Amino acid sequence: MTFRLRPPATALLPAALFAACLAAPALARAQLTGNLALTSGYKFRGQDQEVLNAAGFATRRSVKPAVQGGLDYAFADTGWYVGNWNSSVRWLRGNRLESDVYGGYRFKAGPFDLDLGALAYLYPGNRAGNTRELYASAAWSDEALGQFTLKYAHTVSRDYFGYAGASGGSGLSGRGTGYVNLAYSRALAPQLTLKASLGYTRMSGDIRSLGLPSYADYLLGAAWDFGDGLTLMGALQGATRSGAYAAATGPAADAERMSPNHQRLVATLTKNF
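2 is the number of the first residue of the sequence shown in the working numbering; add one for each residue after it.
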């Protein structure tokens, strides 16, 4: 049986975030930033996050919209920050919301912008998805060449997005799963920016033993800046090893199989406050 969040709760998420931004005191507002987004498809590390249909099988829909939003707070010029980001999702039974809580420290080291932090992915209604990671990133930019960002995330929880099932008593662990991503951006015109990234997820041995292999993901697209914090991005996104992650669209033995790794063109409209 699939649990559904009450529609008013999902609909009120963007409004609540917007109200929080407006209600912040003047001093805090200088350090508090927010964002709201509507996307035609939420992919995380190349995988669709809107996967299940009402019957609990893989959905056939090619457009899988999601509402997203978050808040970030920087502690003046100390480099420390905390934040929360949320998205509607549908890939775990009993859950319709992803809520990420994170914090870290940003600083410069010569020409590099460094970022060290910790992040918890929370899925109310199905704790098997709850995952904790430590991350580190380094960014380097050049006016002519663009910006390069290298990031690594390391899983420290036994559960890994429901794949290991440790909280369900499977005895398997996703701890040690690692993700590395190289992202690139470059301004092509005053309002147009090229975006590209290549990532690789190395699953833990326990997850690989289930027949779920390590895989690569990719993104290639562009973003248009309308001004006043409003941007529209279109990108081709997907991941390798598509067949290994495919799921049936129905109960019949010969039912079609759909994969969250399937390549898609995703459009996202974002407003930053």
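Glycine is no exception: its CB is placed at the ideal position from the N, C-alpha and C atoms.
Note that this is a predicted model, so its numbers are computed, not measured.
Neighbour-count burial assignment, residue i, 16 or more Cβ in a 10 Å radius
| i | result |
| --- | --- |
| T156 | buried |
| S158 | buried |
| E99 | buried |
| N182 | buried |
| S198 | buried |
| V267 | buried |
| Q50 | buried |
| R258 | exposed |
| D218 | buried |
| F227 | exposed |
| F162 | buried |
| A27 | Confidence is the limiting factor: at A27 the pLDDT is only 43, short of 50, which leaves the residue's position unreliable, though a coordinate-based value still follows. By the neighbour-count rule (16 or more Cβ atoms within 10 Å), A27 is not buried but exposed. |
| N273 | exposed |
| T79 | exposed |
| Q264 | exposed |
| A55 | exposed |
| L117 | exposed |
| P261 | buried |
| L23 | Model confidence at L23 stands at a pLDDT of 46, short of 50, so the residue's coordinates are unreliable; what they give is reported in the following sentence. Exposed, by the Cβ-count rule. |
| L193 | exposed |
| Y93 | Here residue 93 turns out to be Leu, not Tyr, going by the sequence shown. Flag for L93 reads buried. |
Pair within 9 Å by beta-carbon distance, residue i and residue j
| i | j | result |
| --- | --- | --- |
| A77 | Q48 | no |
| G169 | A129 | yes |
| D101 | L123 | yes |
| A223 | G206 | no |
| T178 | I208 | yes |
| A248 | F58 | yes |
| T140 | T132 | Contrary to the premise, residue 140 reads as Ala rather than Thr in this sequence. No, the pair does not count as a contact, with Cβ atoms beyond the cut-off. |
| Y180 | Y164 | no |
| L221 | K196 | yes |
| S186 | Q148 | yes |
| M204 | G175 | yes |
Limits of the alpha helix (DSSP H) - the one that residue i falls within
| i | result |
| --- | --- |
| D207 | G206 to R209 |
Enclosing beta strand (DSSP E) for residue i [first to last residue]
| i | result |
| --- | --- |
| R159 | Premise fails: R159 is in no beta strand (DSSP E) and is neither H nor E. |
| T202 | L193 to R203 |
| S174 | Neither: S174 is in no beta strand (DSSP E) and is coded neither H nor E. |
| E134 | T132 to D143 |
| K272 | R265 to N273 |
| T60 | T60 -> no beta strand (DSSP E), and no H or E assigned at all. |
| G80 | Counting along the chain, G80 falls outside any beta strand (DSSP E), and DSSP gives it neither H nor E. |
| T241 | Premise fails: T241 is in no beta strand (DSSP E) and is neither H nor E. |
| Y219 | Y216 to G228 |
Cross-strand partners of residue i (DSSP beta bridge)
| i | result |
| --- | --- |
| A184 | T150 and S198 |
| N87 | G70 and S100 |
| D255 | DSSP, once it has assigned bridges, lists no residue as partnering D255. |
| Y124 | Y124 pairs with nothing; no bridge assigned. |
| N36 | G71 and N273 |
| G105 | Y82 and G118 |
| Q48 | F45 |
| G179 | H155 and R203 |
| F113 | A110 |
Discussion item. Whether or not the region 68-76 and the region 34-54 are in contact is what I'm after, with contact meaning three or more pairs of Cβ atoms, one per stretch, closer than 8 Å; do they touch?
Written reply: yes
Worksheet item: Counting Cβ pairs, one atom from each stretch, are 3 or more of them under 8 Å apart for the region 209-217 and the region 226-236?
Response: no
Practice prompt. Report yes or no: do three or more beta-carbon pairs, one from the region 57-65 and one from the region 73-89, lie closer than 8 Å?
Written response: no
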